[in-house]
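Asks:
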Amino acid sequence: MQQTKTMPFDYVLLLAVLGLLAMGTIIVFSASASTAYHTYGTPYYYLERQLMWAGLGLIVLVVTSRIDYWRYQRWAFPLFAVSVALLGLVLIPHVGIEINGARRWLGAGPLQVQPSELAKIGVIFLFARLFTLHQDRMEDFWRGVIPHLLLAGVVFGLVLAEPDLGTTLTIAGTFFVMLFVAGARKRHLAALAGSGLPLLAVAIIAEPYRLQRIVAFTDPWKHPLGEGFHTIQALLALGSGGILGLGLGYSRQALGFLPESFTDFIFAVLGEELGLVGTLTVVMLFLVVAWRGYRIAMRAPDLFSSLLATGFTTIIAIQAAINMGVVTATLPVTGITLPFISYGGSSLVLSLAGIGVLLNISRHTT
0 MQQTKTMPFD
10 YVLLLAVLGL
20 LAMGTIIVFS
30 ASASTAYHTY
40 GTPYYYLERQ
50 LMWAGLGLIV
60 LVVTSRIDYW
70 RYQRWAFPLF
80 AVSVALLGLV
90 LIPHVGIEIN
100 GARRWLGAGP
110 LQVQPSELAK
120 IGVIFLFARL
130 FTLHQDRMED
140 FWRGVIPHLL
150 LAGVVFGLVL
160 AEPDLGTTLT
170 IAGTFFVMLF
180 VAGARKRHLA
190 ALAGSGLPLL
200 AVAIIAEPYR
210 LQRIVAFTDP
220 WKHPLGEGFH
230 TIQALLALGS
240 GGILGLGLGY
250 SRQALGFLPE
260 SFTDFIFAVL
270 GEELGLVGTL
280 TVVMLFLVVA
290 WRGYRIAMRA
300 PDLFSSLLAT
310 GFTTIIAIQA
320 AINMGVVTAT
330 LPVTGITLPF
340 ISYGGSSLVL
350 SLAGIGVLLN
360 ISRHTT
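If you use numbering that gives the first Met the number 0, the sequence shown corresponds to residues 0 to 365, in order.
1) Is Ala236 buried or exposed, if buried means 16 or more other CB atoms sit within 10 Å of its CB?
2) So, under 8 Å CB-CB, Phe140 and His93 are touching, yes? Tell me the CB distance rounded to an integer number of Å.
3) From this set, His363, Gly241, Val214, which residue's C-alpha is nearest Phe228's C-alpha?
4) What residues are listed by DSSP as bridge partners for Ile96?
5) Rounded to whole angstroms, what's the CA-CA distance from Leu306 to Thr173? Just pull it up for me.
6) By how many angstroms is the C-alpha of Phe175 removed from the C-alpha of Phe8?
7) DSSP three-state call for Leu330: helix, strand or coil?
8) Under 8 Å by Cβ, that's how I've got Leu119 and Leu349 pegged, so tell me the actual separation to the nearest angstrom.
9) Would you report the Cα separation of Ile321 and Pro207, rounded to the nearest angstrom?
10) What are the boundary residues of the alpha helix (DSSP H) that includes Val180?
11) Just how far apart, CA to CA, sit Gln1 and Thr313?
12) Around the Cβ of Asn373, are there at least 16 other Cβ atoms within 10 angstroms (buried) or fewer (exposed)?
13) Let me know if Ala319 comes out buried or exposed under the rule of 16 or more other beta-carbons within 10 Å of its beta-carbon.
14) Tell me, please, which residues DSSP counts as bridged to Gln111.
15) Going by other Cβ atoms of all chains shown within 10 Å of its Cβ, with 16 needed for buried, is Pro387 buried or exposed?
16) Counting pairs of beta carbons, one from the segment 321–335 and one from the segment 32–43, are three or more of them closer than 8 Å?
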């Protein structure tokens with residue numbers, strides 16, 4: 000390891016994340032109040048839980064920011080093994096919780112966890128460790144790329160079987176960016192990307208609803224009550240927000256018209272209530288997170304820390320891009336949340352844990 004000196008952590012990154020978290024908490028309450036009142040008799044049901052998860056996540060962020068990053072090397076293999084085991088467990092009937100045709104959760108009652116969120120962390124830790132150990136062979140396609148791809152393929156397959164194509168693509172994209180940083184040749188990555196397109200086509204065709212979403216994506220107005228419904232309602236929300244928005248608490252689409260209004264499609268409610276100014280603010284904050292994260296990766300003292308920083312930054316950036324792309328009808332509909340903004344516990348806590356790791360790495364410079 001190169002000689003390093005301890006520096007103050009990256010305050011710009013932390014402030015950007017706290018800004019996203021604050022905006023998310025406000026919009027979660029605004030978007031969920033009507034549903035919460037009619038379902039549970041109080042408009043604060045989802046807000047209280049989001050505040051609980053945010054508080055827990057901030058505690059985890061503080062803890063992970065204080066653990067020197069190189070200590071995570073010993074956790075890489077156990078964490079990956081646990082995440083794979085949980086992914087397998089969630090697929091077992093009557094064990095995994097099925098919601099809207101997808102079996103993605105474990106737990107009982109109000110306490111539910113999403114193993115695929117832990118798998119994101121497991122993949123980043125494991126391959127940061129393996130790519131560092133096998134640095135001398137990463138330019139070799141058969142000795143350096145393929146063995147790691149086969150191991151990552153276990154996670155890809157399990158997440159896709161839930162089914163969760165959006166998360167699969169997010170994890171796969173992060174894995175490929177880490178491969179590039181680890182030294183894999185560009186032509187090898189291009190070959191893998193090219194061979195992955197037929198597999199993606201098969202995954203889409205294998206599930207009729209995915210194919211229907213692709214068809215609806217080309218012209219959602221031809222399927223206004225079917226697969227195009229989500230997209231149309233999201234566009235109506237964004238359009239009605241105008242430049243400055245209708246104001247907090249004045250969303251019309253959140254009153255039962257827009258499905259998943261405080262989870263997958265919360266960006267549409269944000270645009271309706273805060274307008275173009277609000278949506279651009281969120282986009283800018285995510286760009287700041289990506290900028291500071293990749294800056295940390297480039298200035299990291301060693302390959303392991305650089306790969307960790309690259310992984311955590313990329314997985315947030317890809318997930319945010321996919322979510323906002325879906326809401327704005329730039330991408331076909333897929334169920335994926337907006338980091339730090341959407342309602343949910345597993346994603347929020349583990350995303351904040353990743354930010355804590357980034358903050359720790361930012362304190363060490365060459």
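Each residue gets a CB set at the ideal place from its N, CA and C atoms; glycine is no exception.
Replies: Reading it off the structure:
1) Against the sequence shown, residue 236 aligns to sequence position 237. Result: buried.
2) Position 141 of the sequence shown, counting from 1, holds the residue named residue 140. Position 94 of the sequence shown, counting from 1, holds the residue named residue 93. With a Cβ gap of about 43 Å, Phe140 and His93 do not count as contacting.
3) Residue 228 sits at position 229 when you count from the first residue of the sequence shown. Selection His363, Gly241, Val214 evaluated against Phe228 yields Val214 as nearest (Cα-Cα).
4) Translated into positions along the sequence shown, residue 96 becomes position 97. For Ile96, which the question treats as bridged, DSSP gives the partners Trp104.
5) What you label residue 306 is simply residue 307 of the sequence shown in a count that begins at 1. What you label residue 173 is simply residue 174 of the sequence shown in a count that begins at 1. When rounded, the separation of the alpha-carbon atoms in Leu306 and Thr173 is 10 Å.
6) Sequence index remark: in the sequence shown, residue 8 carries index 9 (1-based). Sequence index remark: in the sequence shown, residue 175 carries index 176 (1-based). If I take the Cα positions, the gap works out to 28 Å.
7) Here residue 330 is taken as the residue at index 331 of the sequence shown, counted from 1. Coil.
8) Looking up residue 119 in the sequence shown gives position 120. Looking up residue 349 in the sequence shown gives position 350. It is Lys, not Leu, that sits at residue 119 in the sequence shown. The beta-carbon separation of Lys119 and Leu349, rounded to 7 Å, stays under the 8 Å limit for a contact.
9) For the purposes of this step, residue 321 is taken as the residue at position 322 of the sequence shown. For the purposes of this step, residue 207 is taken as the residue at position 208 of the sequence shown. Spanning the two alpha carbons is a distance of roughly 21 Å.
10) For the purposes of this step, residue 180 is identified with residue 181 of the sequence shown, where counting begins at 1. That run of the alpha helix (DSSP H) goes 164–181.
11) Numbered from its first residue, the sequence shown carries residue 1 at position 2. Numbered from its first residue, the sequence shown carries residue 313 at position 314. Its pLDDT being 47, under 50, Gln1 is placed unreliably in this model, and the coordinates cannot settle the point.
12) The displayed coordinates of the chain run from 0 to 365. Any statement about residue 373 would go beyond what the structure contains.
13) Your numbering for residue 319 matches position 320 in the sequence shown. By the C-beta density criterion, Ala319 is buried, having at least 16 other C-beta atoms within 10 angstroms.
14) The residue you call residue 111 lines up with position 112 of the sequence shown. Gly106, per the DSSP bridge assignment.
15) Outside the displayed span of the chain (0 to 365) sits residue 387, for which this structure offers no information.
16) Too few Cβ pairs lie closer than 8 Å, so no.
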